[in-house]
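What follows is a set of notes on a single structure, which appears directly below.
Number of protein chains: 2
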Amino acid sequence: MKQIESIKESGGFLNRYEHDSNTCQCKMTFSVYLPPQASIESVPTLYWLSGLTCTDDNARTKAGMQRYAAEQGIAIVFPDTSPRGQGVADVPERYDLGQGAGFYVNATQTPWQAHYQMYDYITKELPTLVEANLPLIPKLKSISGHSMGGHGALICALKNPNDYRSVSAFAPICNPSVSPWGQTCFKTYLGDDQSLWEAYDATHLIQSGTQLADILIEQGTADEFYTEGQLLPENFAKACEEAGQTLTLRMQAGYDHSYHFIASFIGEHMAYHSNCLNNTDPI
Amino acid sequence: MKQIESIKESGGFLNRYEHDSNTCQCKMTFSVYLPPQASIESVPTLYWLSGLTCTDDNARTKAGMQRYAAEQGIAIVFPDTSPRGQGVADVPERYDLGQGAGFYVNATQTPWQAHYQMYDYITKELPTLVEANLPLIPKLKSISGHSMGGHGALICALKNPNDYRSVSAFAPICNPSVSPWGQTCFKTYLGDDQSLWEAYDATHLIQSGTQLADILIEQGTADEFYTEGQLLPENFAKACEEAGQTLTLRMQAGYDHSYHFIASFIGEHMAYHSNCLNNTDPI
């Protein structure tokens with residue numbers, strides 16, 4: 021991996037890297053915030069997965085996470101949301117399909133499967149890469165994200181219940197198999213057999229018996245994508261209740277889908293993850 | 021004034037307005053963050069002036085001020101950085117002149133003087149407008165800003181020493197009469213007589229005998245515009261020392277000119293202004 025930018029922030033460094041991804045078979049860009057503590061010792065890591073149309077830059081610029089990470093001694097990894105570049109399949113006229121919309125799955129359908137292997141990239145290649153090259157405590161990580169990235173955070177944690185110390189999400193796509201955004205991407209990337217979609221659907225993963233210690237979800241009631249039925253937190257909450265899964269779903273009156281919503285509650289999510297990351301021994 | 025957007029953030033509301041400005045003779049857009057306290061009582065106001073190329077949106081999205089304003093019960097007014105629109109003079113190929121680069125002066129030169137009256141807009145028309153229409157305590161205000169907006173904050177406070185309770189700036193253009201950005205704009209907007217530029221130059225205002233209770237300036241040492249000689253805080257510090265003006269100039273090692281620098285120290289600036297705004301009686 022090659023460092024292509026470094027910006028000092030809150031006593032630490034917000035760095036950007038690029039590398040040739042074996043998993044996605046293209047050059048990938050990501051950012052890492054290293055808190056001041058990382059200059060003297062290895063630190064735990066929070067992965068932040070962003071939503072449709074985002075790159076690694078949106079959350080690091082707008083969410084206001086770094087100052088909390090600096091206080092808590094936690095690194096933040098900001099991956100991109102899809103493979104990119106010439107030769108990578110895309111639908112330029114669509115914001116919700118192709119580049120910028122990887123949906124954190126391993127595609128099986130042509131031409132998508134050549135590069136769109138974001139699930140393996142996020143859960144395997146990227147942690148291995150950054151843990152080998154940066155002062156991060158191996159295997160001590162949590163995950164969070166927004167919208168499509170909230171879906172990504174939930175499925176990464178649910179499919180690897182021993183790998184993440186905690187998971188939270190802002191306005192996640194909780195049941196993509198039955199929401200328009202999810203159906204479009206799953207059909208395109210995974211094919212017509214809807215039973216194969218369930219492996220990447222947080223609500224189905226809960227229904228299939230996966231359990232985590234806790235899940236924290238923040239959802240604004242004035243979020244247009246919530247009211248349109250893209251997010252479906254009620255489906256997820258019902259599945260959790262039926263399965264006996266602990267869930268804290270906080271419906272926040274009047275908040276929308278924007279980074280202003282994230283910025284309003286990111287401090288509480290950072291404290292939640294810090295409590296799990298800093299008060300447990302490495303696996 | 022007409023409200024054109026409202027986003028809930030940190031318990032308050034980030035609103036955007038437009039109005040027909042008598043001062044700038046065009047439609048102007050600005051944003052106001054109203055903290056939760058403003059729903060039950062009037063609150064003090066901090067004006068934030070942004071830098072070259074910015075609109076009212078940059079700081080409200082990237083600086084991370086709103087959560088502090090919510091804690092402290094302070095409203096923030098985010099003006100635009102120039103008049104805009106068809107019929108407003110511009111140099112589209114220049115980022116540092118014309119629309120987006122009003123420099124917070126009252127232009128005297130044709131064709132600029134028709135609309136570029138940003139000094140009167142910021143210090144007179146806009147406070148009168150928002151105090152008449154929003155739950156703001158009349159005349160209880162402070163001012164801050166970044167780069168060109170840091171220059172703007174300094175001159176607004178220095179030219180109206182009784183109007184602002186406190187002033188701070190991030191990487192301000194401290195001595196525009198002798199820096200390339202400032203010289204270009206002052207010559208264009210104010211004409212060739214350099215003695216007329218001094219009325220909008222913070223360093224000259226200090227040299228001419230203006231005094232404030234205190235001034236807080238934050239400057240990164242890795243700021244490319246500082247190293248290029250656009251900002252010249254040393255000139256301002258020397259003038260303050262010679263004039264007996266109290267100045268806290270904090271040179272922050274390794275920080276650049278970006279919003280990541282602002283986000284790193286905005287909490288301390290908000291506390292500084294809150295202490296002045298919340299612990300004094302209205303004038």
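Chains P and A, in that order, are what the protein sequence lines are.
Following our numbering, the numbering of the first sequence begins with 21 at its first residue and continues without gaps.
Following our numbering, the numbering of the second sequence begins with 21 at its first residue and continues without gaps.
For every residue, glycine included, the Cβ atom is placed at its ideal position computed from N, Cα and C.
Buried or exposed by the 16-neighbour rule on C-beta atoms within 10 Å, applied to residue i
{"i": "A:TYR115", "result": "exposed"}
{"i": "A:PHE152", "result": "Just to set this straight, residue 152 of chain A is Ala in the shown sequence, not Phe. Classification of A:ALA152: exposed, given that the 10 Å Cβ count is below 16."}
{"i": "A:VAL111", "result": "exposed"}
{"i": "A:ILE303", "result": "Because the pLDDT at A:ILE303 is just 48, under 50, the model does not fix this residue reliably, and the point stays unresolved."}
{"i": "A:SER228", "result": "exposed"}
{"i": "A:ALA89", "result": "buried"}
{"i": "A:GLY249", "result": "exposed"}
{"i": "P:GLY107", "result": "exposed"}
{"i": "P:THR208", "result": "buried"}
{"i": "A:ALA291", "result": "exposed"}
{"i": "A:ASN295", "result": "exposed"}
{"i": "P:ASN299", "result": "exposed"}
Contacting residues, own chain, Cβ-Cβ under 6 Å from residue i (five flanking each side not counted)
{"i": "P:ARG270", "result": "GLU238"}
{"i": "P:GLY240", "result": "GLN272, TYR275, ASP276 and PHE281"}
{"i": "A:LEU216", "result": "LEU210"}
{"i": "P:TYR220", "result": "VAL125 and ILE175"}
{"i": "A:ALA109", "result": "PRO131 and TRP132"}
{"i": "P:SER30", "result": "GLN86, ARG87 and ALA90"}
{"i": "A:THR75", "result": "ASP100"}
{"i": "A:LYS181", "result": "Before going on, a small fix: residue 181 of chain A reads as Pro here, not Lys. Around A:PRO181: LEU232."}
{"i": "P:THR268", "result": "LEU236"}
{"i": "P:MET138", "result": "GLY122 and TYR124"}
Proximity winner among the options, relative to residue i (alpha-carbon distances)
{"i": "A:LYS144", "options": "A:VAL125, A:ALA134 and A:PRO155", "result": "A:VAL125"}
{"i": "P:LEU1", "options": "P:TYR292, P:HIS166 and P:GLY249", "result": "The shown model of chain P, from 21 to 303, leaves out residue 1 of chain P, and the question about it has no answer."}
{"i": "P:TRP132", "options": "P:GLN45, P:GLY32, P:SER62 and P:SER188", "result": "P:GLN45"}
{"i": "P:THR49", "options": "P:ASP77, P:PRO55, P:GLY31 and P:GLU261", "result": "P:ASP77"}
{"i": "A:SER197", "options": "A:LYS179, A:LEU252, A:CYS74 and A:GLY31", "result": "A:LEU252"}
{"i": "P:GLU61", "options": "P:THR81, P:PRO158, P:THR268 and P:CYS176", "result": "P:PRO158"}
{"i": "P:ASP305", "options": "P:GLN129, P:THR148 and P:TYR37", "result": "Residue 305 of chain P lies beyond the residue range present for chain P, which begins at 21 and ends at 303; the question has no answer from this structure."}
{"i": "A:TYR67", "options": "A:GLY105, A:ARG104 and A:ASP183", "result": "A:ASP183"}
{"i": "P:LEU160", "options": "P:ALA121, P:TYR209 and P:ILE96", "result": "P:ILE96"}
{"i": "A:GLY264", "options": "A:TYR279, A:TYR246, A:ALA233 and A:GLU254", "result": "A:ALA233"}
{"i": "P:TYR53", "options": "P:GLN203, P:PHE123 and P:PHE98", "result": "P:PHE98"}
{"i": "P:GLU262", "options": "P:TYR279, P:THR230 and P:PHE285", "result": "P:THR230"}
Proximity of residue i and residue j at Cβ, strictly below 8 Å
{"i": "A:LYS28", "j": "A:HIS39", "result": "no"}
{"i": "P:ALA283", "j": "A:GLY84", "result": "yes"}
{"i": "A:THR43", "j": "A:TYR141", "result": "yes"}
{"i": "P:HIS293", "j": "P:ILE24", "result": "no"}
{"i": "P:ARG80", "j": "P:SER51", "result": "yes"}
{"i": "P:PRO155", "j": "P:ALA58", "result": "yes"}
{"i": "P:ALA177", "j": "P:THR223", "result": "no"}
{"i": "P:GLY120", "j": "P:TYR136", "result": "no"}
{"i": "P:GLY1", "j": "P:MET168", "result": "Chain P is shown from 21 up to 303; residue 1 of chain P falls before or after that span and cannot be answered."}
{"i": "P:ARG185", "j": "P:LEU117", "result": "no"}
{"i": "A:LYS82", "j": "P:LYS82", "result": "yes"}
Sequence-distant residues of the same chain with beta carbon closer than 7 Å to residue i, five excluded per side
{"i": "P:ALA189", "result": "SER164, GLY165, GLY170, ALA173, LEU174 and ILE237"}
{"i": "P:GLY211", "result": "THR128 and GLN129"}
{"i": "A:VAL63", "result": "PRO55, GLN57, GLY93, ILE94, ALA95, PRO155, LEU156 and ILE157"}
{"i": "A:LEU149", "result": "MET21 and HIS39"}
{"i": "A:LEU34", "result": "ILE27, SER51, TYR53, ARG80 and GLN86"}
{"i": "A:ILE193", "result": "SER167, MET168, GLY170, HIS171, SER199, TRP201, GLY202, GLN250 and LEU251"}
{"i": "P:PRO147", "result": "LYS161"}
Nonlocal neighbours in the same chain, by C-beta distance under 8 Å from residue i, ignoring five residues either side
{"i": "P:SER41", "result": "LYS47, MET48, PRO103, TYR141 and GLU145"}
{"i": "A:HIS289", "result": "SER164, SER188, PHE190, LEU236 and GLU238"}
{"i": "P:TYR246", "result": "ALA191, GLN239, GLY240, PRO253 and HIS277"}
{"i": "P:CYS205", "result": "ASP116, LEU117, ALA121, PHE123, VAL125 and PRO196"}
{"i": "A:ALA257", "result": "LEU267 and LEU269"}
{"i": "A:GLU244", "result": "ASP276 and HIS277"}
{"i": "A:ASN255", "result": "CYS194, ASN195, VAL198 and THR223"}
{"i": "P:ASP213", "result": "none"}
Closer than 7 Å: residue i CB and nearest the ligand GDP heavy atom
{"i": "A:ASN153", "result": "The ligand GDP is absent from the structure shown, which contains no ligand whatsoever."}
Entirely within the stretch 116-181 of chain P and at least 4 residues each: give me those alpha helix (DSSP H) ranges in chain order.
-> 146-153 and 168-179
Of all the beta strand (DSSP E) runs that stay within the bounds of the stretch 226-298 of chain P, which reach a length of 3 or more residues?
-> 236-240 and 268-272
Completely contained alpha helix (DSSP H) runs for the stretch 40-123 of chain P, where each covers 4 or more residues = 77-82 and 86-92
Let me know the alpha helix (DSSP H) ranges lying completely inside the stretch 182-229 of chain A, each 4 residues or longer, listed in chain order.
-> 200-210 and 222-227
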